[in-house]
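Peer 1: This is the structure, below, for whatever I ask next.
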Amino acid sequence: MKYFNKKLKIEGISLQNIANKYDTPTYCYSYKQLKKNINNFKKNFKSFSPLVCFAIKSNTNVNLIRETKKLGLGADVVSIGELMIALKAGVNPKKIVFSGVGKKTNEISYAIDKKILLINAESESEIKEIERIAKLKRKKIKIGIRLNPNTDARTLTQISTGKKENKFGVDKKTFFKLLKYCKKSKYLELSCLSVHIGSQILNHKPYEKMLSVIDKIINFADHEFEFIDLGGGMGISYLNKDKKLNYIKYNLAIKKFLKKHKSKIIFEPGRSIIGDTGTLVTKIIYIKKSGKKDFIIIDAAMNDLMRPALYGAKHRILPSQKTNKKSKTSYEFVGPICESTDKFSTVNNFQLLNENDIIAICDVGAYGMSLSSNYNLRPKPIEILIKGSKTKVIRKRQKHKDFI
Ligand SMILES: *Cc1c(COP(=O)(O)O)cnc(C)c1O
47 MKYFNKKLKI EGISLQNIAN KYDTPTYCYS YKQLKKNINN FKKNFKSFSP LVCFAIKSNT
107 NVNLIRETKK LGLGADVVSI GELMIALKAG VNPKKIVFSG VGKKTNEISY AIDKKILLIN
167 AESESEIKEI ERIAKLKRKK IKIGIRLNPN TDARTLTQIS TGKKENKFGV DKKTFFKLLK
227 YCKKSKYLEL SCLSVHIGSQ ILNHKPYEKM LSVIDKIINF ADHEFEFIDL GGGMGISYLN
287 KDKKLNYIKY NLAIKKFLKK HKSKIIFEPG RSIIGDTGTL VTKIIYIKKS GKKDFIIIDA
347 AMNDLMRPAL YGAKHRILPS QKTNKKSKTS YEFVGPICES TDKFSTVNNF QLLNENDIIA
407 ICDVGAYGMS LSSNYNLRPK PIEILIKGSK TKVIRKRQKH KDFI
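The numbering of the sequence shown is the working numbering, which starts it at 47 and goes up by one.
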């Protein structure tokens, strides 16, 4: 997304045109950015050609998943619904991994029937349930065990998953116990050790720490894992001041690890693939003056984009038409929903805005639409894919009659 002659554009289309044609709020995705992200991701790790499974929960649009699949990615799913949509998008089952702490019987059964690559189990009870179902089907199933490496990802506490107080994975002791159990089972083949320590990680050190924990565990386990699934979590720059994750150092740490262990590496990136491809185009309904600040009331709300309300996340906001006039008061961008947490950010020295102006909320491709809801009985936004100067509707705007 860039300014051309002071007009903000996604590839060849101005945001003002999108608003005129499709109304607001509208989620727009750039195909060019998606392709660039996927190619960069692969390039960063090309010496060991990992299997890259796109984390579907970050964006569940079937058209976008189909594009990621065409660009070579598999899928990481966390529910039967996500597994169905990945298959619908044409993802090869042999490139699908299934994560999550609470898989139900029908979900495990469906995953086995579809012959996906791996079910990554997260507890002793789950492993026994997978074994029970596999036995009924008279099949031997490849599974992974998700280890909780007790590593601090140094990210927002709400999206950290790799510490012992988090519900994810099993601790070392349980891991060894389950390893022994699987070795004896006729219906389970333990082929993967998986981890995922959190999201929006911008420092390579937690990853290095996680690799050293896995290294020690494998040495002690004396078991060859066909796959090591390192999860996702690679962060992106939401604000200009954000650091960038050092992929060179992460890659080096993995290469060092692979000198000792001959496993195929799996990644499960979501945000780093889709996050910066998406923009939420929204219109200013009213500007309400209130002492030292003005409330900019926009037609997008926390139901459309929940990250700020849910985790206090910050997204850059940009005007669709640049001018040279600055506002003297600070602006608080808020939605119309009846909750005080329905606000996006407070900005000083923003360009002077007017009612009916179109603005962009940036980097909403991941955990934007996928976390949206119908709170306040608001219809979910339309989604548009932009390729050069072409636009394509990839999900229709919900209508009120859909729920009345
Ligand atoms: C959410 C999740 C991911 C993706 O995380 P990102 O931060 O979007 O890369 C990968 N693996 C698992 C198990 C997850 O729960």
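For every residue, glycine included, the Cβ atom is placed at its ideal position computed from N, Cα and C.
Since residue 366 and residue 405 should fall inside the 8 angstroms C-beta cutoff, what is the C-beta to C-beta distance between them, to a whole number of angstroms?
Peer 2: 6 angstroms
Peer 1: Check each candidate in 342, 275 and 414 and name the one with the smallest Cα separation from residue 167.
Peer 2: 275
Peer 1: Helix or strand or just coil, what does DSSP make of residue 437?
Peer 2: Of the three classes helix, strand and coil, the one that applies to residue 437 here is strand, per DSSP.
Peer 1: Relative to ligand 1, what is the chain-ordered list of residues with a Cβ closer than 7 angstroms to any of its non-hydrogen atoms?
Peer 2: 101, 103, 104, 122, 124, 145, 207, 242, 245, 246, 277, 278, 279, 280, 314, 315, 316, 317, 318 and 412
Peer 1: Select from 214, 87 and 170 the residue whose C-alpha is nearest the C-alpha of residue 146.
Peer 2: 214
Peer 1: Within this structure, are the beta carbons of residue 392 and residue 339 separated by less than 8 angstroms?
Peer 2: yes
Peer 1: Beta-carbon separation of residue 192 and residue 124 under 8 angstroms?
Peer 2: no
Peer 1: By alpha-carbon positions, which one of 64, 255, 230 and 176 ends up nearest to residue 198?
Peer 2: Residue 198 has its Cα closest to that of 255, out of 64, 255, 230 and 176.
Peer 1: At what residues does the alpha helix (DSSP H) containing residue 302 begin and finish?
Peer 2: Element bounds for residue 302: 293 to 306.
Peer 1: Taking only the alpha-carbon atoms, compute the straight-line gap between residue 49 and residue 364 and give it to the nearest angstrom.
Peer 2: Each residue's Cα considered, the two are about 10 angstroms apart.
Peer 1: Between the C-alpha atoms of residue 260 and residue 277, what's the straight-line distance to the nearest angstrom?
Peer 2: 13 angstroms
Peer 1: Using beta-carbon positions only, say whether residue 137 and residue 111 come within less than 8 angstroms of one another.
Peer 2: In contact: residue 137 and residue 111 (Cβ atoms closer than 8 angstroms).
Peer 1: Roughly how many whole angstroms lie between the Cα atoms of residue 194 and residue 387?
Peer 2: 32 angstroms
Peer 1: Excluding the five sequence neighbours on either side, which residues of its own chain have a C-beta within less than 7 angstroms of the C-beta of residue 140, listed in chain order?
Peer 2: 163
Peer 1: Grouping DSSP H, G and I as helix and E and B as strand, with all else coil, what is residue 172?
Peer 2: helix
Peer 1: Indicate whether residue 347 and residue 424 have their beta-carbon atoms separated by less than 8 angstroms.
Peer 2: yes
Peer 1: What are the complete alpha helix (DSSP H) segments, minimum 4 residues, inside the segment 205 to 292?
Peer 2: Qualifying alpha helix (DSSP H) stretches, in chain order: 218 to 230 and 251 to 267.
Peer 1: If contacts are defined as beta-carbon pairs under 8 angstroms, then residue 207 and residue 243 qualify, I think. What distance do you get, rounded to the angstrom?
Peer 2: That pair is a contact at about 6 angstroms.
Peer 1: Among 223, 358, 292 and 221, whose alpha-carbon lies nearest the alpha-carbon of residue 253?
Peer 2: 292
Peer 1: Would you list the one or two residues that DSSP bridges to residue 60?
Peer 2: 55
Peer 1: Using three-state DSSP, classify residue 94 as helix, strand or coil.
Peer 2: helix
Peer 1: Alpha carbons only, please: which of 370, 219 and 249 is nearest the one belonging to residue 266?
Peer 2: Distances from the CA of residue 266 to each of 370, 219 and 249 were compared; the closest alpha carbon is that of 219.
Peer 1: Would a C-beta distance cut-off of 8 angstroms place residue 99 and residue 69 closer than the cut-off?
Peer 2: No, these two residues do not count as a Cβ contact at 8 angstroms.
Peer 1: Using the Cα positions of residue 268 and residue 189, report the straight-line distance between them to the nearest angstrom.
Peer 2: 17 angstroms
Peer 1: Can you round the beta-carbon distance between residue 57 and residue 434 to whole angstroms, since I take them to be within the 8 angstroms contact cut?
Peer 2: A Cβ-Cβ distance of about 6 angstroms is found for the pair residue 57 and residue 434, placing them in contact under the 8 angstroms criterion.
Peer 1: Give the straight-line distance between the Cα atoms of residue 204 and residue 117, rounded to the nearest whole angstrom.
Peer 2: The straight-line gap from Cα to Cα measures roughly 31 angstroms.
Peer 1: Could you name the residues of the same chain whose beta carbon sits closer than 6 angstroms to that of residue 421, not counting the 5 residues immediately before and after it, in chain order?
Peer 2: 349
Peer 1: Looking only at its chain, what residues have a beta carbon closer than 6 angstroms to the beta carbon of residue 444, apart from the 5 residues adjacent to it on each side?
Peer 2: Contacts found: 425 and 426.
Peer 1: Using the beta-carbon count (16 or more within 10 Å), is residue 361 buried or exposed?
Peer 2: buried
Peer 1: Among 407, 428, 284 and 283, whose alpha-carbon lies nearest the alpha-carbon of residue 325?
Peer 2: 407
Peer 1: For residue 106, which three-state DSSP category applies?
Peer 2: coil
Peer 1: Does the Cβ of residue 294 have 16 or more other Cβ atoms within 10 Å, making it buried, or fewer, making it exposed?
Peer 2: exposed
Peer 1: Taking the alpha carbon of residue 87 as the reference point, which residue from 228, 319 and 73 has its own alpha carbon closest?
Peer 2: 319
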